[in-house]
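Asker:
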Amino acid sequence: MLATLWLLSLSLPTLWAYTLISCAYKSLCQQALVSGNDVVLQCDYPKAFWYFSSVLGEEPLLLSSMPHIKKLPGGSLQLTNPQPSQTGLYHCQDNDSALVVEYEIDFQDVSTLHITHKDLGQKPLQNETLGLSGHVLIFTRWEPWQDCNRCGEPGERKRLGYCYIEEHLEKPMPCWLYLRTKKARYSRMRPELQVEACLVPCNHVKEIDQPYFIFDIYQLGKLTNNVWLTCPLASIYR
Ligand SMILES: *[C@@H]1O[C@H](CO)[C@@H](O)[C@H](O)[C@H]1NC(C)=O
Ligand SMILES: *[C@@H]1O[C@H](CO)[C@@H](O)[C@H](O)[C@H]1NC(C)=O
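All residue numbers for the sequence shown refer to the numbering used here, where the first residue is 70 and numbers rise by one.
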């Protein structure tokens, strides 16, 4: 197989690739994210201890160095390629066992992402009611649209949506944090990605300020009829 690969990367402070999740001091923040995309959970306490308990409610586990989980020098926790099984409570405490910050994170399965293009008439998932204990509404909570991928010519932009469940008059919760040990699983329970066309003027200052770029070129061999491309440091959140 004749294949060539070039990879160029410029000025790569590693943390650029990670999306930072933060929460106010001594608070609990609940958040839905997409699995497989790196994140850092912020805890500004260098001697921090991190505990994790999954939605199954077992004893909190002290997180030390594990593959894919790393405590950063400032105290924050770096999760590389997080999986849906890592959904649960992340608790950061100081050396006197006092709470610094807590995160309840729902890593929704990226492999079930429902992708639609607005301008091709494709419809996002509809709201559904489920007959669990009483009626609950299952819906998608959308993030704002991301930046257009081109300027001065037609481009596209995307936004992410997460599966949420709302019980009558209660605050909506990310689906898997709501269901916890309940065995119920519904086909509606999926994160979403929506794409639409955009046309924005160029802002050259902004382009020059981009922190880094990466490209690779891959030449297919004669015998290869498919190839899996990975884009190092890419993230669905940008
Ligand atoms: C925790 O750290 C602080 C500041 O470094 C120190 O004063 C305190 O004695 C420590 N507490 C324990 C239980 O180690
Ligand atoms: C779906 O439910 C959410 C949450 O109650 C609501 O904000 C949204 O407007 C609903 N969408 C439709 C199409 O009814």
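No residue lacks a Cβ here, since even glycine has one placed at the ideal position from N, Cα and C.
Locate the alpha helix (DSSP H) running through Trp245, then write down its first and last residues.
Answerer: 244-248
Asker: Among Val103, Leu189, Val109, Leu110, which one has its Cα closest to the Cα of Thr181?
Answerer: The shortest C-alpha separation from Thr181 is found at Val103.
Asker: Taking 9 Å as the cut-off, decide whether the C-beta atoms of Asp175 and Cys244 are in contact.
Answerer: It is a contact, given that the beta carbons lie within the stated cut-off.
Asker: My output table needs one value for Ala101: the three-state DSSP class, helix, strand or coil.
Answerer: Shown here, Ala101 sits in a strand according to DSSP, grouped into three states.
Asker: Can you look up Asp107 in the DSSP assignment and give me helix, strand or coil?
Answerer: In the three-state reduction of the DSSP assignment, Asp107 falls in the coil class, being assigned neither a helical nor a strand state.
Asker: With DSSP collapsed to three states, give me the class of Val179.
Answerer: Here Val179 sits in helix by DSSP.
Asker: From Leu229, Gln152, Gly221, Glu127, pick the residue whose C-alpha is nearest to that of Trp211; which is it?
Answerer: Leu229
Asker: So if I measure from each beta-carbon to every heavy atom of ligand 2 and keep distances below 6 Å, which residues remain?
Answerer: Working through the chain, the matches are Asn196, Leu206, Phe208, Glu235.
Asker: What is the DSSP secondary structure of Gln263, reduced to helix, strand or coil?
Answerer: strand
Asker: Are there any heavy atoms of ligand 1 lying less than 8 Å away from the beta-carbon of Asp163, as far as the coordinates show?
Answerer: yes
Asker: Look up Ser145 in the DSSP assignment and say whether it is helix, strand or coil.
Answerer: Three-state DSSP puts Ser145 in coil, outside helix and strand.
Asker: Let me check understanding here. Comparing Cα to Cα, which of Glu173, Pro136, Glu261 lies closest to Asn150?
Answerer: Pro136
Asker: Sort Leu206, Asp188, Leu189 by Cα distance to Gln195 and report the nearest one.
Answerer: Leu206
Asker: Relative to ligand 4, is the shortest distance from any of its heavy atoms to the C-beta of Lys116 smaller than 8 Å?
Answerer: Summarising the ligand content, the structure contains ligand 1 and ligand 2 and does not contain ligand 4.
Asker: What did DSSP end up calling Lys187 once you bin it into helix, strand or coil?
Answerer: helix
Asker: Let me check understanding here. Comparing Cα to Cα, which of Leu110, Gly224, Glu235, Cys92 lies closest to Pro270?
Answerer: Gly224
Asker: By how many angstroms is the C-alpha of Leu262 removed from the C-alpha of His273?
Answerer: For His273 and Leu262, the gap between their C-alpha atoms comes out near 28 Å.
Asker: What would DSSP say about Gln155, mapped onto helix, strand or coil?
Answerer: helix
Asker: So the candidates are Ser256, Glu222, Cys232, His237; which of them puts its Cα closest to the Cα of Leu246?
Answerer: Cys232
Asker: Which word fits Leu148, buried or exposed, when buried means at least 16 other C-beta atoms lie within 10 angstroms of its C-beta?
Answerer: buried
Asker: Please return the same chain residues whose Cβ sits closer than 6 Å to the Cβ of Val109, not counting the five positions on each side in sequence.
Answerer: Only Tyr87, Leu89, Ser145, Gln147 meet the Cβ criterion.
Asker: Look up Ile234 in the DSSP assignment and give the residues it is bridged to.
Answerer: Ile207, Met242
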